[in-house]
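Enquirer: Once you've had a glance at the structure underneath, I'll fire off some questions.
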Amino acid sequence: MKNLELQMGKFKELQIDEMENSEPEDPDEGNPYPGIPLGYITGLGRDVPHPKLAHLYKGNFGDPGLGMCRYAYNRKEYGYSIWRGNEGQNGICKICWKRAMAGLDGIENPYYTPEMRQADEELDKELNKPLTPEEQAEIDAILKGDK
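So this note's numbering is basically just the index in the sequence shown, starting at one, shifted up by 960.
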C-alpha cells in the first residue's frame, strides 16, 4: 500500500511540474482577428462614403449574421452591405467590441420597419404557396419535353 501511495505522490508531482512548465494556450490561436472572440467578422459599411470604422458581425464570411450595434446597418435600406473582413482606418467600433467581448447576441436591424417585415412575409407566402393543378401539369409537360 505504501508503495502505491509513493507512486501516486510521484505522479501528482509530475502533473504539477508539467502544469508549471507548460505554456498557456493562446486564446487567439487560429483567430483571423486577434483580440476579437472567434465567431465574429469585421466589415465596413458600403453606404458610408468614406468608411473609417469597422463593425463586428456575429457570423462568418458566408453569412455575416447580425450586426453588433445599430451603426452596423445601412440607414437607407433595410439590410446591410459590407466589405467583409476589412478593418477601418480608425479600427473597430467600441460598441461592437464591448458587446462581442461580453458574449452578447447581435441586434436586429433597427431600420427594418414593421411594414417591411409584413411585405417580406407576404412575399414569402406568395413564393411558397402550392402550385395549382394547371401549373403543375404545365411544369410536368415542360420536364417531359412535350412543350
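Where is the CB? At the ideal position from N, CA and C, for every residue including glycine.
Under three-state DSSP, which class holds PRO984?
Expert: Caution applies to PRO984, whose pLDDT of 49 falls short of 50 and renders its modelled position unreliable; the model cannot decide the point.
Enquirer: Are the beta-carbon atoms of ILE1067 and GLY1027 separated by less than 9 Å?
Expert: yes
Enquirer: Take the Cβ of GLY1063 as the centre, count every other Cβ of all protein chains shown within 10 Å, and call the residue buried at 16 or more, exposed below.
Expert: exposed
Enquirer: Which residues in the same chain as ARG1059 place their Cβ atom closer than 6 Å to its Cβ, once the five residues preceding and following it in sequence are excluded?
Expert: Closer than 6 Å at Cβ, skipping near neighbours: MET1028.
Enquirer: Tell me the residue span of the beta strand (DSSP E) that contains LEU1016.
Expert: 1015–1018
Enquirer: Mark ASN1046 as exposed unless 16 or more other C-beta atoms lie within 10 angstroms of its C-beta, in which case mark it buried.
Expert: exposed
Enquirer: Could you give the first and the last residue of the continuous alpha helix (DSSP H) run that contains ARG1077?
Expert: Residues 1074–1088.
Enquirer: Under the assumption that MET1061 contacts PRO997 (Cβ atoms under 8 Å), give the Cβ distance between them as a whole number of angstroms.
Expert: 7 Å
Enquirer: Does DSSP classify TYR1000 as helix, strand or coil?
Expert: strand
Enquirer: Can you grab the Cα-Cα spacing for the pair TRP1057 / LEU1013, in whole Å?
Expert: 12 Å
Enquirer: My output table needs one value for ILE1109: the three-state DSSP class, helix, strand or coil.
Expert: This structure cannot settle anything about residue 1109, because the visible part of the chain is limited to 961 through 1107.
Enquirer: Regarding GLU1047 and the ligand GDP, is the C-beta to nearest heavy atom distance less than 8 Å?
Expert: Among the ligands in the structure shown, none appear at all, so the ligand GDP cannot be discussed.
Enquirer: Alpha carbon to alpha carbon, what distance is there between ARG1077 and GLY1005?
Expert: For GLY1005 and ARG1077, the distance between alpha carbons rounds to 22 Å.
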